[in-house]
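Here is the structure we will look at, set down as structure tokens.
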């Protein structure tokens, strides 16, 4: 049995969990599936760790631009990108050379349309399920619907665990907006600067990937995102000052939630995609709808299609977390392994 070499880019929370899952499952995959996954290297922005028969050797380097010699040295490896780095050119070069990529990194697919088409040309060799919904089967389900002739009429989604938590807490009407955000940061739910979540750009990238999947030609700059903060607060770089400034929004959000509650609605940060447009922002949704019943940081994606028109297809579950995201990447790796047989 010939080992299938793996080159992993990124060794953060998800990268470490993926390495752990593959190491635990390696013997089982060998005995039951005839697949032998063998790490040959793990690269970060600061060092490369090479593996040779279980022995690790570390060597420093100065950045992702030094990946190219390593890629040439390992032309048959499955390259796994679990970074958030701008590695579009690297992805394209690997595919052009006939290589294989599995990625949870949204940035390449949310880049220019030209880059998207280049990456999307062969989805057998380019797998990206976890770019939307972590381990949830969102993209594969969408692709299967399209491949079997269904017509996608609309996609609705709550794609951010952080914003899901904030909205759920707002809906309880027990704490002001600024306190909810501060507590979310303390619990580790937000990025180091909460504006990276509240601005909605991560949701926009996910929405763009899904919109392009159904054939919409859009650039990220074409999407109007109504974030949770006005420009004068969004631009505050100092986090403590930013959190203090959020108090200026407490009264407005309390008022909006009161209005929605009177209409039996719940606050949700929703992305909506059709073939004509993409809209993203905070809105009140019926409390008895799938989005209205959504709890805490879970993600929910609703697919309304020609076949699933009256009762849309709903995919729901954890949209973040190291274990489920790593497992989704792992599953994509196994799908790519079929190309070796």
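In the numbering used here, the protein residues as written are 6 to 346. Even glycine gets a Cβ: it sits at the ideal position worked out from N, Cα and C.
Point to revise | Limits of the beta strand (DSSP E) - the one that residue 91 falls within | key: In the chain shown, residue 91 corresponds to position 86, counting from 1. Premise fails: residue 91 is in no beta strand (DSSP E) and is neither H nor E.
Check your understanding: What residues in its chain sit with their C-beta under 6 angstroms from that of residue 192, if we drop five residues either side in the sequence?
Key -> If you number the chain shown from 1, residue 192 lands on position 187. Excluding positions up to five away in sequence, the list is empty.
Exercise for review: Counting only the same chain and skipping the five closest in sequence on each side, list residues whose C-beta sits under 7 angstroms from that of residue 116.
Suggested key: Translated into positions along the chain shown, residue 116 becomes position 111. Answer for residue 116: 93, listed in chain order.
Check your understanding: Is the beta carbon of residue 24 less than 8 angstroms from the beta carbon of residue 165?
Key -> Position 19 of the chain shown, counting from 1, holds the residue named residue 24. Position 160 of the chain shown, counting from 1, holds the residue named residue 165. Contact flag unset, no.
Review point. Anyone know if the C-beta pair for residue 82 and residue 333 falls short of 8 angstroms?
Key: As a position in the chain shown, residue 82 is number 77, starting the count at 1. As a position in the chain shown, residue 333 is number 328, starting the count at 1. The answer is no: Cβ separation not under 8 angstroms.
Check your understanding: If we count the other Cβ atoms within 10 Å of its Cβ and call it buried at 16 or more, is residue 134 buried or exposed?
Key -> In the chain shown, the residue the question calls residue 134 occupies position 129. Buried, by the Cβ-count rule.
Check your understanding: Taking the C-alpha atoms as reference points, what is the distance between residue 110 and residue 131?
Key -> Along the chain shown, one-based indexing puts residue 110 at 105. Along the chain shown, one-based indexing puts residue 131 at 126. Computed Cα separation, rounded: 12 angstroms.
Point to revise | Boundaries of the alpha helix (DSSP H) in which residue 202 is found, first to last residue | key: Residue mapping note: residue 202 aligns to position 197 of the chain shown, counting from 1. First-last of the alpha helix (DSSP H) with residue 202: 200-203.
Exercise for review: Consult DSSP for residue 289 and reduce its assignment to one of helix, strand or coil.
Suggested key: To locate residue 289, count along the chain shown from 1; it is residue 284. Strand.
Check your understanding: Can you list, in chain order, the stretches of the alpha helix (DSSP H) that have 4 or more residues and sit fully within the region 18-65?
Key -> 18-38
Check your understanding: When DSSP labels each residue in this structure, what does residue 278 get in the three-state scheme?
Key -> Your numbering for residue 278 matches position 273 in the chain shown. Residue 278: strand per DSSP, three-state reduction.
Review point. When you compare only the Cα positions, how much space is there between residue 219 and residue 146?
Key: As a first step, residue 219 is located in the chain shown; it is residue number 214 there, counting from the start. As a first step, residue 146 is located in the chain shown; it is residue number 141 there, counting from the start. The straight-line gap from Cα to Cα measures roughly 12 angstroms.
**Study point:** For residue 283: DSSP bridge partner residues
**Key:** Within the chain shown, residue 283 is the residue found at index 278, counting from 1. Residue 283 is bridged to 278.
Review point. Would residue 217 pass as a contact of residue 121 if the rule is Cβ separation under 8 angstroms?
Key: Counting from one through the chain shown, the residue named residue 217 turns up at place 212. Counting from one through the chain shown, the residue named residue 121 turns up at place 116. Going by C-beta atoms, residue 217 is nearer than 8 angstroms to residue 121.
Check your understanding: Does DSSP put residue 184 in a helix, in a strand, or in coil?
Key -> Here the question's residue 184 lines up with position 179 in the chain shown. Correct three-state label for residue 184: helix.
Point to revise | 7 angstroms Cβ shell around residue 63 - same chain, five flanking residues per side excluded | key: Taking the chain shown and counting its residues from 1, one reaches residue 63 at position 58. For residue 63, where only same-chain residues beyond five positions count, the Cβ hits under 7 angstroms are 52 and 54.
Point to revise | Proximity winner among 185, 49 and 315, relative to residue 69 (alpha-carbon distances) | key: Locating residue 69 in the chain shown gives position 64, counting from the first residue. Selected option, being the one with the closest Cα: 49.
**Study point:** Unbroken beta strand (DSSP E) run spanning residue 10, endpoints
**Key:** By one-based count along the chain shown, residue 10 stands at place 5. First-last of the beta strand (DSSP E) with residue 10: 9-14.
Check your understanding: Short check: CB of residue 171 to CB of residue 187, under 8 angstroms?
Key -> Taking the chain shown and counting its residues from 1, the one referred to as residue 171 is at position 166. Taking the chain shown and counting its residues from 1, the one referred to as residue 187 is at position 182. No, these two residues do not count as a Cβ contact at 8 angstroms.
Review point. Taking the C-alpha atoms as reference points, what is the distance between residue 31 and residue 224?
Key: Residue mapping note: residue 31 aligns to position 26 of the chain shown, counting from 1. Residue mapping note: residue 224 aligns to position 219 of the chain shown, counting from 1. Going by the C-alpha atoms only, they are around 40 angstroms apart.
**Study point:** Contact under 8 angstroms by Cβ, residue 278 with residue 212
**Key:** Reading the chain shown from its first residue, position 273 is the one you call residue 278. Reading the chain shown from its first residue, position 207 is the one you call residue 212. Result yes, Cβ atoms of residue 278 and residue 212 sit closer than 8 angstroms.
Review point. DSSP on residue 117, reduced to helix/strand/coil?
Key: As a working note, residue 117 is residue 112 in the chain shown. Three-state result, residue 117: coil.
Check your understanding: Which residues share a DSSP beta bridge with residue 361?
Key -> Since the first residue shown for the chain is 6 and the last is 346, residue 361 is missing from the structure and cannot be characterised.
Check your understanding: Looking only at C-alpha atoms, which of 35, 286, 124 and 195 sits nearest to residue 325?
Key -> Residue 325 sits at position 320 when you count from the first residue of the chain shown. Here the closest residue by C-alpha is 195.
Point to revise | Of the residues 47, 311 and 66, the one placed nearest residue 155, counting alpha carbons only | key: In the chain shown, residue 155 corresponds to position 150, counting from 1. The shortest C-alpha separation from residue 155 is found at 311.
Practice item. Assuming residue 336 contacts residue 19 (C-beta within less than 8 angstroms), just tell me the rounded distance between them. Key: Within the chain shown, the letter at position 331 stands for residue 336. Within the chain shown, the letter at position 14 stands for residue 19. Not quite, the Cβ-Cβ distance comes to about 14 angstroms (not below 8 angstroms), so this is no contact.
Review point. Taking Cβ to Cβ, would you say residue 272 is nearer than 8 angstroms to residue 262?
Key: Position 267 of the chain shown, counting from 1, holds the residue named residue 272. Position 257 of the chain shown, counting from 1, holds the residue named residue 262. Taking 8 angstroms as the Cβ cut-off, residue 272 and residue 262 qualify as a contacting pair.
Point to revise | Cβ-based neighbour list, residue 244, same chain, cut-off 6 angstroms, excluding 5 preceding and 5 following | key: Position 239 of the chain shown, counted from the first residue, corresponds to residue 244. 198, listed in sequence order.
Review point. For the 8 angstroms Cβ check, are there 3 or more pairs between the region 238-254 and the region 286-298?
Key: no
Point to revise | Short Cβ contact (8 angstroms threshold) for residue 228 with residue 283 | key: Numbered from 1 along the chain shown, position 223 holds the residue referred to as residue 228. Numbered from 1 along the chain shown, position 278 holds the residue referred to as residue 283. Contact flag set, yes.
Check your understanding: Cα-Cα, which of 73, 254 and 305 is closest to residue 180?
Key -> Residue numbering aside, residue 180 sits at position 175 when the chain shown is read from its first letter. Ranking the options by Cα distance to residue 180, first place goes to 254.
Point to revise | Runs of alpha helix (DSSP H) lying entirely within the region 203-258, each at least 4 residues, in chain order | key: 206-218, 236-239 and 244-250
**Study point:** Integer-rounded CB distance, given that residue 74 should sit under 8 angstroms from residue 96
**Key:** Along the chain shown, one-based indexing puts residue 96 at 91. Along the chain shown, one-based indexing puts residue 74 at 69. Wrong, their Cβ atoms sit about 17 angstroms apart, outside the cutoff.
Exercise for review: Could you tell me whether any non-hydrogen atom of the ligand GTP is closer than 7 angstroms to the CB of residue 225?
Suggested key: Only the bare structure without any ligand can be found here, which leaves the ligand GTP out of the picture.
Review point. By the 10 Å Cβ neighbour count, where 16 or more other Cβ atoms means buried, how is residue 301 classified, buried or exposed?
Key: For the purposes of this step, residue 301 is taken as residue 296 along the chain shown, with counting starting at 1. It is exposed - the Cβ of residue 301 has fewer than 16 other Cβ atoms within 10 Å.
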